[in-house]
Every structure is written in C-alpha cells, then in structure tokens.
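**Q** A single structure is presented below for examination.
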Amino acid sequence: MLPEDAARPAPAPVTRTAPRICPLCEATCGLTLTIEGTRVTGARGDRDDVFSRGFICPKGAAFGELDADPDRLRAPLVRRDGELREASWEEAFDLIAARLRPLIKEHGPHATGVVLGNPNVHTMAGALYPPVLLGALGTRNLFTASTLDQMPKHVSSGLLFGDPLAIPVPDLDRTDHLLLLGANPLDSNGSLCTAPDFPGKLKALRRRGGTLTVVDPRRTRTARLADRHIAIRPGTDALLLAALAQVLFEEKLTRLGPLADHVEGVDEVQEAVRDFTPEAVARACDMDAGEIRTIARELAAAPTAAVYGRVGSCTVEYGTLASWLVDILNILTGNLDRPGGALFPLSASDRAPRTPAPGKGFVLGRWASRVGGHPEAKGELPLAALAEEIETPGEGRIRAVIALAANPVLSAPDGDRLDRALAGLDFMVSVDPYLNETSRHADVVLPPPPPAQSAHFDFAFNALAVRNQARHTPAAVPLEEGRLDESEILARLILAVSGMHGAAPSVVDDGVIGRTLGKAVADPHSPVHGRDPQELSALLTGRTGPERRLDLKLRLGPYGDGFGADGEGFGTDGEGGADGAGGADRAGLSLQRLLDHPHGVDLGPLRPRVPEVLKTRSGRIELLPAPIAADLPRLRGALDERPASLVLVGRRHLRSNNSWMHNVPALGGGSNRCTLQVHPDDAARLGLEDGRPARITADGGALEAPVEITDTVRTGVVSLPHGWGHDRPGTRTSVASARPGVNVNQLLDGSRLDPLSGTAVLNGFPVELAPLP
Ligand SMILES: Nc1nc2c(c(=O)[nH]1)N[C@H]1C(S)=C(S)[C@@H](COP(=O)(O)OP(=O)(O)OC[C@H]3O[C@@H](n4cnc5c(=O)[nH]c(N)nc54)[C@H](O)[C@@H]3O)O[C@H]1N2
Ligand SMILES: Nc1nc2c(c(=O)[nH]1)N[C@H]1C(S)=C(S)[C@@H](COP(=O)(O)OP(=O)(O)OC[C@H]3O[C@@H](n4cnc5c(=O)[nH]c(N)nc54)[C@H](O)[C@@H]3O)O[C@H]1N2
Ligand code: SF4
Ligand SMILES: [Mo]
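Per the working numbering, the very first residue in the sequence shown carries number 8; after that it's consecutive.
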C-alpha cells in the first residue's frame with residue numbers, strides 16, 4: 008500500500024509550495040509549506056484557505072523544524088535482550104503478533120489496555136483506525152487523554168442531547184456577548200471550538216460592540232482583551248454558573264424561545280439551583296454577589312450570547328456539573344441552537360441529518376474499572392486509573408498496553424507510578440514518532456512519518472468548527488524510503504492482533520467500506536438505498552485506504568454527492584429530513600471535489616439543528632438528567648467547605664503543546680519555561696524570591712521549581728505548566744532533555760476525579776509551598 012511515489016528516486020531539489028492543514032492544535036489553519044526537494048523549509052498562513060484566511064501562529068511557522076526534528080525515529084524499535092534497537096517493519100509486526108495473540112488467548116481480551124493520546128485527533132489515521140483496533144481486541148480497558156481533558160463535556164452533552172459528540176460551539180463570528188470560562192484561546196488557539204484566528208475573532212467581537220467576559224484565576228492574554236475579567240477561585244465555576252441560572256429564574260429572565268418545544272425539565276432545574284443564590288456562592292467563588300447578578304442580567308439582556316467553558320472548567324472537582332451548566336445557561340437564555348449563540352456544527356464527514364426521532368439515549372457506567380470501580384464514560388475508564396489496573400494482581404489485570412500517540416507518563420497523574428507499572432508489563436507497543444517518557448517502556452515502537460509526509464483531513468475538529476467547511480490536503484512530500492504511512496502502521500497492527508498477521512493492510516479498509524456500504528444500501532433514508540455495494544465500492548476514488556474511506560464518508564455525508572443520486576446531494580429535498588433544520592447543502596462533496604479545491608470548500612455559517620441532532624430517549628433536551636441531579640448535593644456541599652489557602656492551576660504557552668513540543672529549538676526559550684508563578688503577596692507571605700527554587704508539596708508528592716513572581720495569578724493560586732519533566736533516562740529527545748522542567752502531574756496521586764466523567768482534577772488542587780535554600 009506504499010504510494011507509488013515512495014518507490015521512485017527523490018525528485019530534484021527544486022523549490023515549490025504545497026498546502027498542508029496544520030495538525031498542531033485545534034484551530035486547523037491552512038498552511039502553505041515551502042519545500043526544497045523533499046524538505047520543508049518554511050511555512051506561512053494560506054491566505055486562500057476558506058476557513059483560516061492566512062492565519063498562522065509560531066507553532067505553525069515552525070512546522071518545518073518540527074517536521075525535520077533529527078530526534079524523530081526513522082525506523083521501528085524492537086526490544087531485544089532488554090534493549091530497544093532499530094529493526095525492520097516485518098520484525099516489529101512479527102513480534103507483536105507473536106507476543107500479543109497468545110497473551111490475549113490466555114488471559115482474555117481485557118488483558119490488553121489501549122491508551123489513545125491527543126495527537127490521534129490530529130491525524131487521519133488516528134480517527135479511522137482506533138475504533139477498528141478496539142473492535143478487534145474487544146477490550147473494555149480503553150483510556151484516553153479525554154479523561155485528562157474534555158470528558159465532562161461529552162458526558163454533559165450525552166445526558167442533555169443524547170449524543171456525547173453533540174457539542175455546541177460558540178458562534179464567535181456573530182455573537183454579541185461571550186462569557187468564557189477556563190479557556191485561554193490567545194495561547195491555546197481554542198479548544199472544543201475550532202476557530203482559526205480565535206484572537207482576531209475576539210477582537211472583532213469587541214470592535215462590533217459586543218462584550219467579552221473572561222473567568223480565569225489568572226489574568227491571561229485572553230483576560231486582558233476582555234471587558235470584564237473575573238479572577239474566580241479555582242474549582243468553583245459550577246457554583247458561579249448555578250448562581251447565574253438561579254438569578255435568571257429568580258428575576259424571570261429566562262426566555263427559551265423556539266427551544267421551549269424541545270426541552271423538558273425546566274421547573275426541575277429551577278428547583279435544583281434554588282439554593283445557589285449569588286449570596287450563597289459568593290464566598291466560595293471569592294466574588295461579589297452583586298457582580299454575579301450583573302453578569303446574569305447582561306447575559307439575559309444581550310441580543311445574542313454564548314457561554315463557553317474549557318479546560319479550566321472541565322479538569323476540576325465539579326467538571327461535569329460546570330459543563331452541564333454552561334449549556335443550561337445557553338438554553339435558558341434561548342441562545343442554544345441559534346445564530347449568535349451556541350450551535351451544533353454539521354461536519355462533512357459525519358452522518359447526514361435524519362428525520363428527528365427519539366434515540367437510544369446516553370448511559371453512564373455500563374461497566375466499571377476492575378480495581379477502583381470507576382464507571383465507564385463513553386466507553387472509557389479514567390486514565391488516572393491505568394497504573395492500578397496494571398499493578399493490581401488478579402483476574403482481568405492489564406498485562407499488555409497499546410499506546411497510540413500517548414505520553415501518559417507526563418500527561419496523567421502520578422507519572423512515577425505509571426512509569427513503574429509500564430515497566431512491569433508483559434508487552435507494550437507504542438505508535439509514536441519519539442522515544443520519550445512513555446514509549447521508552449514499549450517492546451515495539453512504531454514511528455509514523457513526519458506530518459509533511461501525511462495526507463490530512465480533520466475528522467474530529469470539523470465537528471467543532473465555528474463554520475462548516477471541508478478541506479483535505481494530500482501528503483506534501485512523498486513518503487521517505489522505508490517509511491510506512493501511519494494508516495498502514497495501524498492497519499498492520501490491527502491485523503497482527505486479530506490473527507490476520509501478514510494479510511494486506513487494505514483488508515482492514517475494505518472491511519470497513521464493505522460494512523458501511525452494506526448498511527447504507529439497506530437504509531431507506533440513504534441516497535444509495537437499494538444500490539449494489541460492489542458497484543458503489545468501485546466508484547470510490549483515492550489511492551490509499553484512508554483516502555477511499557474519506558471519499559466514502561464525504562459522499563454519504565450531509566453535503567455528499569450521494570454517489571450521484573439524482574445528480575445531487577441528499578438532505579435538501581426533505582427525504583433526509585434535513586431541509587433548513589439540518590443545514591445540509593447541495594455541495595456534491597467527494598474526495599475529488601476536495602482535491603479540486605486545495606484551499607477548501609466553504610459550507611456556510613452554522614445553522615440550527617434542533618431537534619434533528621437530539622438522540623435522547625424522549626427526543627427532547629433532557630435538562631435535568633438523573634446522574635446530574637444525583638451529583639448536585641456534592642456541589643451544595645462545596646458552599647460550606649473551607650477553601651484551601653493555596654491551590655495550583657496549569658497554563659499553556661503559545662509555543663508549546665502538551666508534552667511533545669519541547670524538542671524544537673525554535674519554540675523553546677523566552678517565557679516558555681517551567682516556572683511556578685506566584686502572586687507577590689503570596690511570595691512575600693511565604694518568603695519566596697523571584698528566580699529562586701521553591702518546594703511544592705501536594706497529595707501525590709513534592710517537586711522543586713523556580714519561582715516567577717507575577718500578579719497575573721490571583722492570590723491563593725499558583726500556576727505550573729504541564730508536559731515538562733523530560734529528565735528520565737532512556738529517551739531520545741535531546742533538546743527537551745537539556746531543559747527538562749518538572750512534571751506537575753507528579754503532585755497528584757490520581758485519586759481526585761470528577762466522579763461522573765472520571766476526569767482527573769488537574770486544576771485547583773491544594774498545594775503547600777516553601778522556599779528552598
Ligand atoms: N497537569 C495537567 N496535565 C494535563 C493537562 C493540563 O492542562 N494540566 N492537559 C491535558 C490535556 S488537555 C491533554 S489533551 C493531555 C495530552 O496527553 P497526551 O496525549 O498523552 O500527550 P501529548 O503530549 O499531547 O502527545 C502524546 C504523544 O503523541 C506523540 N505524537 C505526536 N504526533 C504524533 C503523530 O502524528 N502520530 C503519533 N502516533 N504520535 C504522535 C508525541 O510524541 C507524544 O508522545 O494532557 C493532559 N495533561
Ligand atoms: N500553545 C498551546 N496550545 C494548545 C495546547 C498547548 O499545550 N499549548 N494544548 C492543546 C490542548 S490538548 C487543549 S485541550 C487546548 C486547551 O485549551 P484551553 O482550554 O484554552 O487551555 P488553557 O490554556 O489551559 O486554559 C485553561 C485556563 O483555565 C484557567 N483555569 C484553571 N483553573 C480554573 C478554574 O477553576 N476556573 C476557571 N474559570 N479557570 C481556570 C487557567 O488559568 C487557564 O488560563 O489547547 C490546545 N492548544
Ligand atoms: S493556531 Fe494551531 S493550527 Fe493554526 S498555525 Fe498555530 S498551531 Fe497550527
Ligand atoms: Mo487536550
């Protein structure tokens with residue numbers, strides 16, 4: 008399945024340009040790469056990109072360096088006699104088949120744990136193959152970065168709308184009022200809200216007379232842009248949001264508008280938030296009750312408004328409740344599902360809209376983790392519980408781990424424990440470009456090629472984008488000799504674990520295509536109903552499996568050509584129930600159409616999708632689901648708790664990305680450092696000096712980090728970034744190891760979780776500080 012080009016000699020070193028969608032954050036900017044020979048020597052924003060219109064950030068600009076990082080692995084590594092050595096792909100997959108198959112046979116499917124990291128949402132392979140791998144393994148032991156991140160939002164969406172993937176995004180381009188909590192898009196470039204040039208969009212909101220309120224314990228660059236910045240006490244957003252809802256009810260400011268026909272449980276929500284008056288929450292939030300009332304009134308009075316919460320409102324003690332309340336406020340003010348409010352995107356690769364009908368609903372806790380009894384959420388167990396599942400003896404113990412694009416030793420709580428646990432596994436596979444803190448434990452490391460050698464399509468982020476659009480960029484340079492595309496790596500991995508080792512990787516894709524077409528032709532609502540699957544399969548274009556699968560999804564999708572059904576896309580004639588409500592267009596999308604439009608196809612602004620988007624059992628938005636109601640007493644308890652005197656929050660740096668971008672010289676240095684930010688008053692009280700080391704102690708352990716005194720953090724709060732701690736032996740990240748920093752997650756023992764979502768509390772946990780000599 009190697010593209011033909013790979014076999015040819017390298018082309019002469021002429022300079023050319025090629026488009027590439029940036030895979031380095033959720034903004035998905037279109038880049039124009041400068042390529043000399045087969046080497047990327049520059050990157051600039053693609054001004055013709057239909058979505059990003061030329062925007063680029065320093066990470067995108069460093070694409071070439073990141074792509075050419077000499078520390079990237081070029082060949083698979085296989086452990087022999089305890090040491091990882093370069094090996095051929097055949098040896099690597101032979102070993103996987105030889106070791107994993109017997110292990111699964113002997114100990115059952117759950118003996119293998121799968122860990123999926125963040126970069127899976129930034130590759131085509133990461134979207135298309137992990138579901139097949141999980142199906143082949145049949146394991147319930149799935150752990151992903153979501154339980155260090157956005158799982159609370161999936162759970163609240165699942166409960167409210169019946170679909171954990173139905174996440175409303177703020178309509179940044181049209182809203183009059185944005186209430187943003189726990190997000191710093193000026194540095195992160197946005198999350199669960201794909202918006203190239205998020206900073207520019209916030210500035211435009213201000214310019215057109217709109218207002219921006221930012222709730223963050225730090226005065227971030229985003230907060231500095233706001234009309235109002237509220238330096239809330241960490242972990243208390245759910246209280247603030249509940250109080251805002253309470254004011255809306257008390258002052259009769261709720262107005263659901265057309266949503267009224269599609270919701271149930273308004274009175275129940277009113278009752279549920281009754282105790283959370285501004286006066287009751289003010290002390291816990293460290294806010295003024297009058298200001299809380301003002302925010303509620305402004306939210307209600309704005310012509311359109313959107314409430315948006317992200318990492319700082321998710322990875323906290325009451326993460327699911329806060330995520331739920333974000334949408335409760337959007338609903339109570341009539342802003343959900345209307346232009347200028349928060350809307351559900353309709354991605355070109357998702358399923359075409361259906362006639363509204365009750366669905367299966369969303370259920371939590373269909374199984375629980377073996378040791379800690381943590382309920383599953385969206386089929387996942389808390390990543391914070393992985394180590395105990397490996398360490399604790401007994402039936403069902405995890406003996407093998409397959410880690411795809413994941414570095415949990417740094418990203419999850421208590422990396423030291425996980426480090427030891429991984430070292431004790433019977434077998435481990437990492438698919439990762441680097442030999443790092445996690446992959447160093449693998450018996451086989453399978454390195455994907457650098458991003459310039461991969462094609463791209465944003466399966467995940469188009470479903471979170473502030474504008475509907477579709478873009479595809481083919482590989483910008485041919486696959487280097489001896490490389491395998493990540494899709495082929497994953498397809499071969501699937502074959503190796505499922506007893507088909509050695510079969511052609513295309514078998515995996517053909518299987519998926521066959522099953523999808525089989526369902527489609529049997530579905531009376533499908534544009535291909537009644538047609539011959541073989542005939543349709545033959546119509547698919549694309550040279551590789553993932554390209555053919557993309558073509559299939561596009562053509563059957565909401566803007567697809569429907570394989571030429573009546574010569575037009577479906578969903579517009581009412582048959583798919585999409586007219587207007589679904590927002591489908593006659594865009595006739597296919598892979599070829601996207602290849603013909605290298606800068607993308609614009610599919611228009613977001614449009615209302617209720618009720619078609621709802622999959623609850625009632626067919627309505629269920630405002631007060633039972634699991635939420637059952638968790639509210641815990642929040643009520645927080646009203647009387649004595650707040651810790653010092654808590655820690657994280658922060659992200661514009662030129663960094665989680666744990667894996669500290670190896671690019673161009674992105675290091677300056678303010679991109681692992682320092683402990685402390686407010687001057689706290690520093691004085693504790694005897695801390697700027698630039699001097701401090702000892703930080705918490706549940707999980709102690710760390711030493713240099714103090715940076717700054718009033719950008721509020722009193723009672725210190726900030727340490729994550730993704731650092733590159734000082735373990737046996738890694739091959741020379742630049743990162745030279746400036747290792749410390750791993751903030753070592754302060755955690757993994758016991759603090761948001762109970763409904765299993766998400767680790769990474770923000771707002773108590774710490775103690777002391778100066779070091
Ligand atoms: N304290 C604290 N901890 C946090 C957070 C926080 O805010 N505070 N944030 C959390 C969040 S939001 C997240 S998403 C997680 C992230 O947690 P992880 O996903 O575990 O970490 P990452 O650093 O994003 O990258 C994972 C791995 O992907 C590899 N990689 C990069 N590109 C590719 C590719 O194209 N293919 C493959 N196969 N691998 C690739 C990298 O080398 C790296 O080893 O961290 C979480 N941890
Ligand atoms: N440059 C850069 N960009 C990135 C990443 C990166 O590491 N670096 N990571 C990517 C990933 S994986 C993700 S998930 C996104 C995340 O994108 P964002 O959600 O925008 O992430 P952060 O920048 O961590 O912003 C979280 C903010 O919450 C604040 N905060 C902490 N605790 C609380 C609290 O209790 N309440 C409130 N209201 N605020 C709180 C923090 O001070 C911080 O400013 O960014 C992505 N983009
Ligand atoms: S904002 Fe994100 S997607 Fe855009 S160039 Fe920067 S890293 Fe890439
Ligand atoms: Mo994330």
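Cβ atoms here follow ideal geometry from the backbone N, Cα and C, with glycine treated the same way.
For clarity, every value in this text was computed on a predicted model and none was experimentally measured.
Count the other CB atoms, across all protein chains shown, that sit within 10 Å of the CB of residue 669; report buried if there are 16 or more and exposed otherwise.
**A** buried
**Q** Leaving out five residues on either side along the sequence, give the residues of the same chain with a beta carbon under 6 angstroms from the beta carbon of residue 145.
**A** 116
**Q** With 16 as the cutoff for other CB atoms within 10 Å, does residue 385 come out buried or exposed?
**A** buried
**Q** Can you tell me which of 21, 61, 95, 67 puts its alpha carbon nearest to the alpha carbon of residue 490?
**A** For the residues 21, 61, 95, 67, the minimum Cα distance to residue 490 belongs to 95.
**Q** Give me the DSSP bridge partner(s) of residue 237.
**A** 222
**Q** What is the residue span of the alpha helix (DSSP H) that residue 193 lies within?
**A** 192 to 195
**Q** Can you look up residue 469 in the DSSP assignment and give me helix, strand or coil?
**A** helix
**Q** Of all the options 449, 427, 565, which has the alpha carbon lying nearest to the alpha carbon of residue 594?
**A** 565
**Q** Please list the terminal residues of the continuous alpha helix (DSSP H) segment that includes residue 604.
**A** Residue 604 -> no alpha helix (DSSP H), and no H or E assigned at all.
**Q** Just how far apart, CA to CA, sit residue 598 and residue 21?
**A** 28 angstroms
**Q** If you measure between the beta carbons of residue 183 and residue 217, is that distance less than 8 angstroms?
**A** Their beta carbons are under 8 angstroms apart, which means residue 183 touches residue 217 by this criterion.
**Q** Between the segment 525 to 545 and the segment 124 to 133, do at least 3 Cβ pairs fall closer than 8 angstroms?
**A** no
**Q** Taking contact to mean at least 3 C-beta pairs separated by less than 8 angstroms, is the segment 457 to 464 in contact with the segment 431 to 438?
**A** no
**Q** Does DSSP put residue 37 in a helix, in a strand, or in coil?
**A** For residue 37, the secondary structure class from DSSP, reduced to helix, strand or coil, is strand.
**Q** Based on DSSP bridge pairs, tell me the residues matched to residue 761.
**A** 766
**Q** DSSP state of residue 585, grouped into three classes?
**A** At residue 585, the pLDDT of 35 sits below 50, so the modelled position is not reliable; the number obtained from the coordinates is stated separately. If DSSP states are grouped into helix, strand and coil, residue 585 belongs with coil.
**Q** Compute the distance between the beta-carbons of residue 682 and residue 712, then report whether it is under 8 angstroms.
**A** yes
**Q** Contact defined as beta carbons within less than 8 angstroms: I believe residue 646 pairs with residue 288. What is the distance between those atoms, to the nearest angstrom?
**A** Right, their Cβ atoms sit about 7 angstroms apart.
**Q** Where do the N-terminal and C-terminal ends of the alpha helix (DSSP H) with residue 453 fall, by residue?
**A** In the DSSP assignment, residue 453 falls outside any alpha helix (DSSP H) and lies within the beta strand (DSSP E) extending over 451 to 453.
**Q** Count the other C-beta atoms from every protein chain shown that fall within 10 angstroms of the C-beta of residue 415, then say buried if there are 16 or more, exposed otherwise.
**A** buried
**Q** Rounded C-beta distance between residue 271 and residue 627? I'm assuming under 8 angstroms.
**A** 5 angstroms
**Q** Which residue or residues does DSSP assign as beta-bridge partners of residue 509?
**A** Note: residue 509 sits in no beta bridge, so no partner.
**Q** Does ligand 2 have a heavy atom nearer than 7 angstroms to the CB of residue 540?
**A** no
**Q** Express the C-alpha separation of residue 260 and residue 834 in angstroms, rounding to a whole number.
**A** Missing from the structure shown is residue 834; the chain here goes from 8 to 780 and no further.
**Q** Taking the C-alpha atoms as reference points, what is the distance between residue 591 and residue 610?
**A** Legend: pLDDT at residue 591 = 45, less than 50; position of this residue unreliable, no value from coordinates given.
**Q** Threshold first: 3 residues or longer. Then list the beta strand (DSSP E) segments lying entirely within the segment 398 to 460, N to C.
**A** 407 to 411, 434 to 438, 451 to 453
**Q** Can you name, in chain order, every residue of its own chain whose Cβ lies under 6 angstroms from the Cβ of residue 533, other than the five neighbours on each side?
**A** Once the five neighbours on either side are set aside, the close Cβ partners of residue 533 are 527.
**Q** When the Cα atoms are used, what is the spatial distance from residue 546 to residue 531?
**A** In a straight line, the C-alpha of residue 546 is about 21 angstroms away from that of residue 531.
**Q** With a CB to CB cut of under 6 angstroms and the five nearest residues on each side skipped, what residues in its chain are close to residue 181?
**A** 346, 347
**Q** Please tell me whether, using a cut-off of 7 angstroms, the distance from the CB of residue 196 to the nearest non-hydrogen atom of ligand 3 is below it.
**A** yes
**Q** Helix, strand or coil: how does DSSP classify residue 712 here?
**A** Here residue 712 sits in strand by DSSP.
**Q** For residue 24, write down the residues that DSSP places opposite it in a beta bridge.
**A** Checking the DSSP bridge columns, you'll see residue 24 partnered with 41.
**Q** Of all residues in the structure, which have a C-beta closer than 5 angstroms to any heavy atom of ligand 3, taken in chain order?
**A** 29, 31, 32, 34, 36, 63, 64, 66, 67, 196
**Q** For the alpha helix (DSSP H) that contains residue 645, what are its first and last residues?
**A** Run containing residue 645: 633 to 645, per the alpha helix (DSSP H) assignment.
**Q** Starting from the Cα of residue 265, find the closest Cα among 175, 334, 339 and give me that residue.
**A** Ranking the options by Cα distance to residue 265, first place goes to 339.
**Q** Under 7 angstroms Cβ to Cβ from residue 139, same chain only, skipping five residues before and after it: list those, please.
**A** 501, 515, 519
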